[in-house]
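First to last, the sequence lines map onto chains S and P.
Read in order, the letters of the first sequence correspond to residues 1 to 281 in the working numbering.
Read in order, the letters of the second sequence correspond to residues 282 to 812 in the working numbering.
One structure is given here, and the rest of the page talks about it.
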Amino acid sequence: MPSHQSPGLAVLILTVTLAVAMLAFAADPRNPFAGKQRAAKAGEYEFRINCALCHGLGARGGGRGPDLTTARKRHANTDAEMFQIISNGIPGTAMPANGTNGQGVGMTDDEIWQIITYLRTIEVKRSAKAMGNAAHGRQLFYGDSNCSTCHMVNGKGGRIGPDLSGIAARRRRDALIESIRKPSARLAWGLTEPTKEFPQEYQTVTVVTSDGHQFKGVTLNEDSFSLQMIDTSEQIHLFEKDQLQSLKISRESLMPAYNPDILSEHDLNDILAYLENTAAP
Amino acid sequence: MNMPRSSWPGITLLAISCFTCPASAQVTFERLRESLKEPQNWLMYSGDYAGRRYSLLDQVNQHTAKTLIAKWVYQTAATGKFETTPLVVDGVLYATGPDDRAFALDARTGRPLWMYQRQLPSDIRPCCGRVNRGLATLGDKVFLGTLDAHVMALDSKTGNIIWDVAAADYTKGYSFTLAPLVIKDLVILGVSGGEYGVRGFLDAYDSNTGKRKWRLYTVPGPGETGHETWEGDSWRTGGAPAWMTGVYDARTNQLFWPTGNPAPSNRGRGRAGDNLYSNTLLALNPDSGKLGWHFQFTKHDEHDWDATQVPILVDSGDKHLIAQANRNGFFYVLDRTSGKLLSATAYGRISWTGGRDREGRPIAKPEASPTAKGHTVCPGALGATNWMSPSFDPQTGLFYVSARDQCDIFSTAPQPYEAGHAYYGSAYFPSEEAEPYVGALRALDPSSGQLKWEFRHASPTWSGVLSTAGGLVFTGDAEGNFIALDANSGKPLWHFQTGGAVYASPMAFAVDGKEYISIAAGSSLYAFGLP
């Protein structure tokens, strides 16, 4: 009957429209402060209080919290996704849900939106294409530069150092360069309870057992009485400290410093180009 | 929620076991005052009124400690930091868990008798986790301060609510996290909320009715002494909470209570002056709440160095002293009769002071103030120690404290006050210039402030310390170990991996002639004993 729509159909249309509208709202709650300068300033202070402990001053990465100035983030790209992550945390990582990190106080919704507004103002767009040659960088990574002896990318490589898959989405370029040129620099950073899961980040450990065997590697874990380590041949060792002849832990990285005479600027750029093209694990 | 006893399947067993245990006598003020006469019980947060956290039990000692085993584990299944110190009264253990849960256990087996769960509003304002540190007891009641700023009396036999009063408006940032202290027939407790710009106070309630008998505001109002130490209206949001349990000298009827940071914690601009009575030890009359002497440890604090650490009464010959290892890195000894400072000795890493005032009190260097850009000051914001209890052992004469050497970058930023809203005016970060944090149990000689020994932890701990007549010191660590050390030398004698970081202070008790040592770790409460 073309003269009038059935009431049932009208209700159906209304319901569908409402459902679509609600879905849209749920998926993309608007940032009420988007683009507002004053809110961004308030967000900067909120960020300092609540986030900078891990993510660093200016959100440039704090050694354990990722750099948040990169335009492409690993876990969240839209404002709504960022809101969800700040509110609920990321399971399996050191990122806590709002108000649960045991140190600060929880934020209101408005404060979370202000922080997101602030983060939008400090994003740095990566240059359209990495400057180096990624294919050559890959050759160096798995070849002459020996990176893969200790580092893994996408399941291939060594286990002694951190997995570098997708690292460029988490660390700024200058932080990566520092980690390559001066690998011990960040090991000296202080440690706090919220990051207790990663207490002995790549400290170098040297032990001599009671029967005179020496092992060198990195700590996997440690407490007052025991030590768990992986040695340079990727063997895991579990020690009671009082059974050891000697134990030396140093905050010098096992990784050699890749000075310009070992790794040229050109090759460094190629390796960075390769790392910038790897996916997150 | 209050679980009705009849819902317990083990009701019959419980009834039987209660025939076999001694009829629990009422806890009286006399028993609290003479708590050392019944070392099998742990009748208040710090074990005795002097705050010593010392047990006269010696079955577990330097010879037997290596054979300690877990006797029972009680799992709360609650998440968040588990900061309780249990009470034990005649075979029954009373403790609290996160989110204001209180429970009673058979202290021999860890089997539950009752549980009370506070239904908290969703918009409470805890600063540092939904924590609670324990109960107080008198008569047949236990007393609980809640995160929504209520004070409650529960029936110690059932967990039923006997009275429940609102002390303050939780939406403005007021809360209770500490174990109350009972003196005579009063339940005394101080408020938390220094991060919200509250006006701090210490309250006393009639233990029978819940009627408030007195309140002492720790920030003096217009016309009161000390009011002139606040700029303009800054006193209204001045903080100075009183969030840890005080100590009591029954001989002189003096109550001693420490207070916390002025608010906003890391911004002194706008609150010029000493900011009394923030970061202060108050000596007062517990009957009236009338203030006697006071001693301010850190004047006009800008580093969040609450002075809320449990102080300890120490008697040396005819000298009546009170000692505190303060969050600002100094170990203070005062004459508790007069409040006069006798000594202040650094026991941790400090960079904030270069001089002393006429009384001998360390004072801040102007350049230690937080700046907009931020700069490094030691100790860091969490302090050279924090709320974890110290202990004093009269046998060794040593004062034991969990210390952390840590520096932070302190920065400051303007922040308008908004009721119920975080109010720091600042932030802090781990300093890149500094060495990694060091955590250690340090044994200090109170007569000189000198370090006698230290036991280095793998990282700083939030565990307090218990000393015992068995020549032992017990503490826990952030890696989950519970540890017994030789009280004279600091040599580790025994340890147990609990599986969860320790955020609590240990205690000791005995049932049926057997000694137990108890600690909260992870989300469980442990009791250790000899095989």
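C-beta atoms are modelled at their ideal positions from N, C-alpha and C, and glycine is treated no differently.
It should be emphasised that the depicted structure is a prediction, and the values quoted were computed from it without experimental measurement.
Here's a check: name, in chain order, each residue in its chain whose Cβ is nearer than 6 Å to the Cβ of residue i, leaving out the five neighbours to either side.
i: E193 of chain S; result: At E193 of chain S the pLDDT is 41, less than 50, meaning the model places this residue with poor confidence; the figure from the coordinates comes in the next sentence. Excluding positions up to five away in sequence, the list is empty.
i: S87 of chain S; result: N98
i: D79 of chain S; result: N31 and I116
i: G410 of chain P; result: G361 and K362
i: N423 of chain P; result: Before going on, a small fix: residue 423 of chain P reads as Val here, not Asn. Here the set comprises Y375, L416, L435 and S437.
i: I236 of chain S; result: I230
i: G610 of chain P; result: A627, G629, I631, P660 and A665
i: T121 of chain S; result: A40
i: Y118 of chain S; result: A40, G43, E44 and F47
i: N221 of chain S; result: Q228
i: G730 of chain P; result: F612, S624 and T626
i: A801 of chain P; result: F363, T365 and A785
List the residues of chain S whose Cβ lies closer than 8 Å to the Cβ of residue i, in chain order.
i: G776 of chain P; result: Strictly speaking, residue 776 of chain P in this sequence is His, with Gly absent from that position. Correct list: S224 and F225.
Considering only residues of the same chain and omitting the five flanking positions on each side of residue i, which have a CB-CB separation below 8 Å?
i: D211 of chain S; result: none
i: K241 of chain S; result: S224, F225, S226, L227 and L247
i: I167 of chain S; result: L176, L275 and T278
i: R548 of chain P; result: E583, P651, T693, A694, P695, Q696, Y705, G706 and S707
i: G803 of chain P; result: F363, G761, T779, G780, G781 and A782
i: S770 of chain P; result: W734
List the DSSP bridge partners of residue i.
i: D267 of chain S; result: In the DSSP output, where bridge partners are listed per residue, D267 of chain S has none listed.
i: E222 of chain S; result: S:L227
i: M325 of chain P; result: Looking at the DSSP assignment, M325 of chain P forms no beta bridge with any residue, so it has no partner.
i: D436 of chain P; result: P:K422
i: R493 of chain P; result: P:Y486
i: W444 of chain P; result: P:A434
i: R382 of chain P; result: P:G378 and P:Q398
Contact criterion: CB-CB distance below 8 Å. Does residue i meet it with respect to chain C?
i: R74 of chain S; result: No chain C is part of this structure, whose protein chains are labelled S and P.
Could you pull out every residue in the same chain whose Cβ sits closer than 7 Å to the Cβ of residue i, ignoring the five residues on either side in sequence?
i: G620 of chain P; result: A564, W574, H575 and F576
i: L497 of chain P; result: F482, L483, L565, G570 and L572
i: G391 of chain P; result: W353, V354, Y355 and A808
i: L663 of chain P; result: R685 and Q687
i: F239 of chain S; result: V207, S226 and L227
i: P592 of chain P; result: G332, V528, F537, P539, L562, I603, A604 and Q605
i: M22 of chain S; result: A caution first: M22 of chain S carries a pLDDT of 47, below 50, which makes its placement in the model unreliable, though a value can still be read off. Closer than 7 Å at Cβ, skipping near neighbours: no residue.
By the criterion of Cβ-Cβ separation under 9 Å, what are the contact partners of residue i in chain P?
i: R138 of chain S; result: Near R138 of chain S there are no residues of chain P at all, since even the closest Cβ is about 32 Å away, more than 9 Å.
Which chain S residues sit within Cβ distance under 9 Å of residue i?
i: D758 of chain P; result: D223 and S224
Hey, residue i and residue j: beta-carbon distance below 8 Å or not?
i: R480 of chain P; j: V500 of chain P; result: yes
i: S744 of chain P; j: Y718 of chain P; result: no
i: D404 of chain P; j: G475 of chain P; result: no
i: D585 of chain P; j: S624 of chain P; result: no
i: T589 of chain P; j: W668 of chain P; result: yes
i: V153 of chain S; j: L164 of chain S; result: yes
i: T366 of chain P; j: A785 of chain P; result: yes
i: F755 of chain P; j: I798 of chain P; result: yes
i: R414 of chain P; j: L368 of chain P; result: no
i: Q67 of chain S; j: R172 of chain S; result: Note that residue 67 of chain S is Asp in the sequence shown, not Gln. Contact: yes.
i: G372 of chain P; j: V792 of chain P; result: yes
i: Y455 of chain P; j: H702 of chain P; result: no
i: E640 of chain P; j: L615 of chain P; result: no
i: P379 of chain P; j: L386 of chain P; result: no
i: Y335 of chain P; j: S748 of chain P; result: yes
i: Q398 of chain P; j: R382 of chain P; result: yes
i: A449 of chain P; j: V472 of chain P; result: yes
Below 7 Å on C-beta distance, what does residue i contact in chain S?
i: Y558 of chain P; result: The contacting residues do not exist; Y558 of chain P stays about 23 Å from chain S at best.
i: Y705 of chain P; result: I49
For the stretch 672-703 of chain P, enumerate the residues whose C-beta is nearer than 7 Å to any C-beta of chain S, in chain order. Of all residues in the stretch 672-703 of chain P, the ones placed with a Cβ closer than 7 Å to any Cβ belonging to chain S are Q687, S692, A694, Q696 and A703, in chain order.
If contact means a Cβ-Cβ distance below 9 Å, which residues of the stretch 727-739 of chain P contact chain S? So the close ones are F736, R737, H738 and A739.
Going along the chain, which residues of the stretch 45-67 of chain S sit with their C-beta nearer than 8 Å to a C-beta in chain P? Against chain P - using a Cβ distance shorter than 8 Å - the residues of the stretch 45-67 of chain S are Y45, R48, I49, A52, L53, G56, L57 and G62.
Can you pull out the residues from the stretch 231-254 of chain S whose beta carbon lies closer than 8 Å to at least one beta carbon of chain P? Residues R251.
Please identify, using Cβ separations under 9 Å, the residues of the stretch 762-790 of chain P that lie next to chain S, in order along the chain. Residues N762, I764, P773, H776, Q778, A782 and Y784.
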